[in-house]
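In full-length UniProt numbering, the protein residues as written are 1 to 283.
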């Protein structure tokens, strides 16, 4: 009998990443990791088959750590998943909106629920993750403490939901990437595809402008372009990009060739099927 395949996520049982694992890979064992570094290490060491990693949120923006970890990880993006988020304010039994004085959660969740935190006059406390904050509130048995987490977390840790669906925006959605150690590119000519890559331009005038020109002239849609510093240096900038298409598509192939001409380095992190959520937004 073969052992059950595993998928790692950052956080504790009941985290939104845990929910994403269960929705996409219900046949896999979802394994929690304390940090993103631990999750990446489990994949690199062959201790896990897949990883479910949040990369950006429609309200709070990008998950910054991931852009630094992925380029040097040796892992491949094999898929993406969009999870609409619904945050709950929870506390121990007997607590209420009148008793709670603080709300603790992951920094991204706190950023997605600013309105109610301000309205209730709560002190925002940053925790390692949403579900971990729920566990700590349950263990403390303090009616002045609340956590922002999922319904699953409330069930797991025996907390009462004292305010439902508290996210600031109805469109609150987190995009996850699915990672594998020896992942393969999606096949060409097999439906909508996303290509993710990082690059560093050469130190010449208008290098970025020239590097991007090939995508425009070849009709390639770039859906994401972000920059961040390398090794704490202000002038060592790396760019992270998502584009529609497959590297074997004629237009994208030419665009990547032009990008390479003006760049010190171009590294493709994954070529994978576009998720239905992405396709529906463009319909």
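Note that beta-carbon positions come from the ideal geometry of N, C-alpha and C, so glycine has one too.
query: Taking 8 Å as the threshold (C-beta atoms), are residue 51 and residue 8 in contact?; result: yes
query: Does DSSP classify residue 288 as helix, strand or coil?; result: The question about residue 288 has no answer, for the chain in this structure spans 1 to 283.
query: Using only the alpha-carbon positions, how far apart do residue 185 and residue 272 sit?; result: 6 Å
query: Based on the DSSP output, what are the partners of residue 178 in its beta bridges?; result: 52, 79
query: With DSSP as the reference, identify every bridge partner of residue 238, one or two as the case may be.; result: 228
query: Are residue 102 and residue 145 closer than 8 Å when you measure CB to CB?; result: yes
query: Which same chain residues end up closer than 7 Å to residue 66 when comparing Cβ atoms and leaving out the 5 residues on each side of it in sequence?; result: 36, 53, 55
query: Per DSSP, residue 287 is paired with what?; result: Only positions 1 to 283 of the chain appear in the structure, and residue 287 is not among them; the question remains open.
query: Three Cβ pairs or more, each shorter than 8 Å: is that satisfied between the stretch 75–82 and the stretch 172–188?; result: yes
query: Over the uninterrupted alpha helix (DSSP H) stretch that includes residue 26, give me the two end residues.; result: Per DSSP, residue 26 belongs to no alpha helix (DSSP H) and is neither H nor E.
query: By DSSP, does residue 59 sit in helix, in strand, or in coil?; result: coil
query: What's the C-alpha gap between residue 26 and residue 68?; result: 29 Å
query: Taking a contact to mean a Cβ-Cβ separation below 8 Å, would you say residue 242 touches residue 217 in this structure?; result: no
query: Using the beta-carbon count (16 or more within 10 Å), is residue 42 buried or exposed?; result: buried
query: May I have the straight-line CA-CA distance separating residue 282 from residue 100, to the nearest angstrom?; result: 42 Å
query: Going by beta carbon distance, what residues of the same chain come within less than 6 Å of residue 1, once the five residues before and after it are set aside?; result: With a pLDDT of 40 at residue 1, under the threshold of 50, the modelled position of that residue is not reliable, and no figure is offered here.
query: Kindly provide the ranges of any alpha helix (DSSP H) runs that are 4 or more residues long and lie completely inside the stretch 90–153, ordered along the chain.; result: 107–112, 114–120, 130–140
query: Go through its chain and collect everything with a Cβ distance to residue 171's Cβ below 7 Å, but skip five positions before and after it.; result: 58
query: Excluding the 5 residues preceding and the 5 following residue 4 in the sequence, name in chain order all residues of the same chain whose CB lies nearer than 8 Å to its CB.; result: 27, 28, 29
query: Cα-Cα, which of 157, 124, 70 is closest to residue 15?; result: 157
query: Should residue 200 be labelled buried (16 or more other beta-carbon atoms within 10 Å of its own) or exposed?; result: buried
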